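Sequential numbering from 13 applies to the sequence shown in our numbering.
Taking it in order: structure first as structure tokens, then the write-up.
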Amino acid sequence: MLETADRWLMSPALRLGLVALYLAAAAVDAIGFPDTPDEFSRIDIARRYLETVRYDFFWPPGNVWAIIVNPFLGLMHDVTAVRLFYVALAGLPLAVLFCTVRSAALVAVAAFVAPYTFFVLSTGSQQGLMIGLFVILLWSVAARNLLVFLLTCIPLYLVNPSMVLTLPLGLRFLSVNRGFRMNFVLACLAYAPMAAIALWVWSDTGRFMPTLSNNGQVNVFLGNNPDPMAPRGVGDVAGVRAEYGAGNEMQGTLTFLREDPAGFVTNMAKK
13 MLETADRWLM SPALRLGLVA LYLAAAAVDA IGFPDTPDEF SRIDIARRYL ETVRYDFFWP
73 PGNVWAIIVN PFLGLMHDVT AVRLFYVALA GLPLAVLFCT VRSAALVAVA AFVAPYTFFV
133 LSTGSQQGLM IGLFVILLWS VAARNLLVFL LTCIPLYLVN PSMVLTLPLG LRFLSVNRGF
193 RMNFVLACLA YAPMAAIALW VWSDTGRFMP TLSNNGQVNV FLGNNPDPMA PRGVGDVAGV
253 RAEYGAGNEM QGTLTFLRED PAGFVTNMAK K
């Protein structure tokens, strides 16, 4: 059966049709999914940045800069514009990848993870951008293209700084036939532009923030609190403070864990 499907996939028209269907489903999900507070927060910060040219680093800057350059913003509902732009950005490398696939097994895997992909793209979050960047990163490793690898790591770091942890493993595969000394040199070269960005943030804000954001406690709370929509980043800070007597967001999260461990675990499972 797989051999027959592989033969069908030799048809460029069929592959293009699958790509079109994939992106259309992602767009429909992006339009129909409920808005979330995180999305409005990023859009508001992007507008303030355009007015003041000052950035507060509540979110990693890559998320906000992607909104600023969004050509759809203002032409439709803002959240929908952000989501569709992310679908387009992530969809381009995905489309190129799918158009080169000749394996029915890989197409089946893509179909299996498609609902999760659409869910991620429908939130207008940094994970949507990361999908496309990871495709490019994986291609650079497979092709052993160091320049593309380094250039992709920079926007990946700006979008989600925790992804800096992917570098050592990626570089290990990229330079698998080279010795330890060369691996070490490559790792240093890859981290150099990220260190420069962190130092720039330090010079601009007076704070050393390699995570490129200062929303740690708030972000943890918004995903772990009693609100039924907590897995989508919704939470009432004032309400939790009043109910639990918590002094800050982190205390509210820890108190929620102690008072309702089943609810905490349920939130994690939903996320």
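We treat Cβ as the ideally placed atom computed from N, Cα and C, and that holds for glycine.
This structure is a prediction, so every number in the text was calculated from the model and none was measured.
Practice prompt. Return yes when the C-beta of Phe-70 is under 7 Å from any heavy atom of the ligand SAH, and no when it is not.
Written response: For the structure depicted, the ligand SAH is absent and the ligand set is empty, with no information on it obtainable.
Worksheet item: Mind checking whether Leu-224 and Val-213 have CB atoms under 8 Å apart?
Response: Contact check for Leu-224 against Val-213 passes: the beta carbons are separated by less than 8 Å.
Practice prompt. Just the C-alpha distance for Gly-144 and Trp-151, rounded to the nearest angstrom, thanks.
Written response: Spanning the two alpha carbons is a distance of roughly 11 Å.
Fill in: First through last residue of the alpha helix (DSSP H) which encompasses Pro-240
Where Pro-240 is concerned, there is no enclosing alpha helix (DSSP H), given that its DSSP letter is neither H nor E.
Worksheet item: Looking only at its own chain, which residues have a Cβ that is under 6 Å from the Cβ of Phe-97, when we skip the five neighbours before and after it?
Response: Asn-82 and Phe-84.
Worksheet item: Skipping 5 residues on each side, what residues in its chain have a beta carbon closer than 8 Å to that of Val-76?
Response: Excluding sequence neighbours, Val-76 sits near Arg-54, Ile-57, Ala-58, Tyr-61 and Tyr-67.
Worksheet item: Can you find at least 3 beta carbon pairs, one from the stretch 24-40 and one from the stretch 98-116, that sit closer than 8 Å?
Response: The way I'd put it, the stretch 24-40 does touch the stretch 98-116; three or more beta-carbon pairs between them come closer than 8 Å.
Practice prompt. Take Asp-216 as the anchor and find which of Val-65, Val-132 and Pro-24 has the nearest alpha-carbon.
Written response: Minimum Cα distance to Asp-216 is reached at Val-65.
Worksheet entry | Straight-line gap, Gly-247 to Pro-240 (C-alpha atoms, nearest Å) | If you take the alpha carbons of Gly-247 and Pro-240, they lie about 9 Å apart.
Item to complete: May I have the straight-line CA-CA distance separating Phe-124 from Arg-95, to the nearest angstrom?
Response: Distance between the alpha carbons of Phe-124 and Arg-95 is about 22 Å.
Discussion item. Check this for me: beta carbons of Val-171 and Pro-72, under 8 Å apart or not?
Written reply: In this structure, Pro-72 lies closer than 8 Å to Val-171 by Cβ.
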